[in-house]
C-alpha cells in the first residue's frame, strides 16, 4: 500500500510566483486534487493510480518552502533558521501528534495484540520522523511479507518532508549568498539529476521510501520557485501550459498501477505536470480559476488533517477484511468530518497560540510533543495480551481441538520473530545477495559423525529448528544454506513490482551447488514454496505451465545433486492459510476454531515437492498429519501458535515436530540402511 504526504505551509502563507507575496488559492485547489487522489485510492473509490498524490505534494512542498525562504532572504538579507523550524513545529506537530496518540489508543483496543509491538515501534519512528527508513528496511525484509499494514505507515511521507525541511534551509542559505539566482538553480538541478539517477539505478522495494531517491521531487518544486523568483508575469501561452500540466497529472491516474516502477520514468511525468501547474497556474485562461473554486480550496485547507486521519481509519475498518464500496465511502466521509474538526480546533489555533509563538518556546513545545508521541508508542510496543505457555504439547496434541487459550508459545505478539536460530544469526542470504552463507550448528563429537545440510528458501529454513533437535541427539553437524524467496531449483522466477527476473537467485543456486559438492554432506534436506511465478524463454508462465516448470526445476536440481553422490530427502509443503495467523489468534483467543482452515483449502496449491520427489526418486517426509487434523488445520496446537505468518511455521512448533520428523526419516530410509544407520543410530 502506498501513501502520499500532506504538508505545506499554512494556506495563508501560500507562495506567489513573484517577489511579492500573496495567497494563491489555486495551489490550495491543487492540494485538494492530490488529497482526493489518495483518499479515493485508499478507500477503494478511485483509480489504482491514486498514490501519485505523493508526488504532487512533494513538488508542492518544495515549491512553497523554497519560495518562502527566498522571499525572507530578499526581505531581510538572511534566513532565520530557528524561527523557520519553530513555525514548522507549530504547523505540523499538534495535529500529527493528536492523530498518532489516538491511533495508538484505538490500536490497543481494536487491533490484534500481535500487531501492538510493531505499531508501537512505528509510532516511535513516526514521532521522530524517521519512519520512512524503518519502512524501507521492512520492505526488503523477507520475514515481514504478509504482515498487515500499519495504521501509522502513512507518516513516511511526512518524515521525508521533515528531513527536507531540516536540511534544505541550510543549503538555500548558502546558495542565496550571491545575488544571482543562477548558482542556486544550477545546484538544485544537480540535486534533481543525482537523486533521480539514484532512484533509477538502485530501484527496489526500498526506493519508494528512501529520502535520497525522493528528494528530486521536492527539489523540482524548489527549482520552479527559484526560476519564478527571477521573473514576473505570464506568457500568452501560459494558460495552455497549465492545462497541459493538469492533464498530465490527472491523466497519470489512469495509466499508473501499483506495480508500476515508482519512483521511475512515469513519476517524472507527474512531477513535470505539477511544475507546469505551479509555474503557469495564474496565467489568463489557465487552471487557476478551476482550482480556486471554494469546495476545492476548502478541502485544500483541511488536507493535512484529512491525510492524517484517513489512513488509520482505513486500517481499522479493514481489520476483518477488504473494504466494501459502502464501507469505503463511510471511511471517506468520517475522514473529512474529523479533518474539518481537527483543522478548526487544533491546526488553526495552534499556529497562533501565544504561549509558543516565541521561537524558543515553539521549538521546546515541539520537542515536548515529540516525546509524548514517542512515549505512547513505547507503551503500546510493550503491551502484552497473553502469557507464554510452559511445556506446551505442540504437535503431539494435533488431534485435540483447542478452542481457547490463556497461555501460548509463542505469544501472538512475538510470533513473527519466532523464526529460529538461522535468522537470529543472520544466516539467510537476502534478496540482493548472491553469495552462499553457510551457517553451521555443530553437535558432532568427532569427524565420523554425520554432516547434514538444509538448502533452499525460507520454507526449507523453517525446518532447521526441528532438525536441530535431532542433530543434538544424534551428533550431526547441521549446515543451513538458505536465501530469501529463492528455491533450490534451476527455474528463473519473477519477483517484485514490476515483475522482473530474480537473477540473484539463479546465481546463488549455482554457488550453492558448488558449495554442496565441496561439503559433500551425508544427506541434504530441501523443500520450497509452491507458488512462485516463473519465466521461460523470456515469457512469463501461468497456470499448469508454471506448475510444470516449478516441478521440473526442483527435480532437475535434485538430480544434479544426487549425481554428485549426495542423498536428498525432501519435506512436503506445509499449509498455506487465508489469514495472518498471529492476528487471527489475537482476535479470537476464546474461539480459536474461527482461525482454523479446511485442510483441502490449506493444501490447494501444494504438490510441487511431491511430484518432483517422485520424478527424481528421492524420499519425501510428509508431516501433514502432525500439523493438521483429518479435516482441518488449526493454528493453535497444544498451546503452541503454529504459524508466524500465513504459511511459515514458528520455530517453537517446528521443534515439537522433531520426534515425528525423526520417525518419518527412519521409515523413509529403510531402503538405505547405511544412510539410516549413519544418521539415526
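Numbering (our numbering), first residue to last: -18 to 662. Ideal placement from N, C-alpha and C gives every residue a C-beta, glycine not left out. Please read these numbers as outputs of a predicted model, since none were measured by experiment.
Residue 391 is classed as buried because its beta carbon has at least 16 other beta carbons within 10 Å across all chains shown. Assignment of residue 402 by DSSP, reduced to helix, strand and coil, places it in the helix class. Taking C-beta separations shorter than 8 Å and ignoring five residues to either side along the sequence, the partners of residue 89 in its chain run 97, 361, 364, following chain order. Residue 228 and residue 202 have their C-alpha atoms some 18 Å from each other.
DSSP places residue 386 in the coil class of the three-state scheme, outside both helix and strand. Sorting 550, 581, 340, 153 by C-alpha distance to the C-alpha of residue 58 places 153 at the top. When secondary structure is reduced to three states using DSSP, residue 144 falls in the helix class. Assignment of beta-bridge partners to residue 614 by DSSP yields 578. For residue 5, the closest C-alpha among the options 292, 517, 262 is that of 262.
With 16 or more neighbouring CB atoms inside 10 Å of its own CB, residue 284 falls in the buried class. As a beta-bridge residue in DSSP terms, residue 437 pairs with 463. Counting C-beta pairs closer than 8 Å gives fewer than three between the segment 509 to 517 and the segment 486 to 493, which falls short of the contact rule.
When the Cα atoms are used, residue 136 and residue 552 turn out to be separated by approximately 42 Å. Within 10 angstroms of the beta-carbon of residue 571 lie fewer than 16 other beta-carbons, which makes it exposed. The three-state secondary structure of residue 565, taken from DSSP, is helix.
Going by beta carbons, residue 473 and residue 442 fall outside the 8 Å limit.
Residue 558 and residue 575 have their C-alpha atoms spaced approximately 12 Å apart.
Per DSSP, residue 160 is not a residue of any beta strand (DSSP E), being assigned neither H nor E.
Within the segment 185 to 227, the runs of alpha helix (DSSP H) at least 4 residues long that lie entirely inside it are, in chain order, 196 to 210. Here the alpha carbons of residue 56 and residue 208 stand approximately 18 Å from one another. Just measuring C-alpha positions, the residue of 493, 48, 149 sitting nearest residue 416 is 493.
Remark: C-beta atoms of residue 562 and residue 510 do not approach each other more closely than 8 Å. Rounded to the nearest whole angstrom, the C-alpha separation of residue 568 and residue 91 is 9 Å. For the 8 Å CB-CB criterion, residue 434 and residue 460 form a contact. Scanning the segment 477 to 534 for uninterrupted beta strand (DSSP E) segments of 3 residues or longer gives 504 to 507, 514 to 517, listed from N- to C-terminal end. By the neighbour-count criterion, in which 16 or more other beta carbons inside 10 Å mark a residue as buried, residue 458 falls on the buried side. Pairing residue 194 with residue 186, the inter-Cα distance amounts to about 12 Å. Within the model, the alpha-carbon separation for residue 647 versus residue 367 is close to 38 Å. Comparing alpha carbon positions, the residue from 51, 400, 73 closest to residue 205 is 51. The three-state reading of DSSP puts residue 599 in coil, since its state is none of H, G, I, E or B. Fully contained in the segment 242 to 306 are the following alpha helix (DSSP H) runs of length 4 or more, in chain order: 246 to 261, 269 to 272, 275 to 282, 284 to 298.
Membership of residue 549 in the beta strand (DSSP E) is indicated by the continuous run 549 to 552.
For residue 422, the pairing in a beta bridge is given by DSSP as 459. Remark: C-beta atoms of residue 293 and residue 93 do not approach each other more closely than 8 Å.
Residue 624 sits in a strand when the DSSP states are folded into three classes. By the criterion of a C-beta distance shorter than 6 Å, residue 483 is surrounded in its chain by 474, 476, once the five residues flanking it on both sides are discounted.
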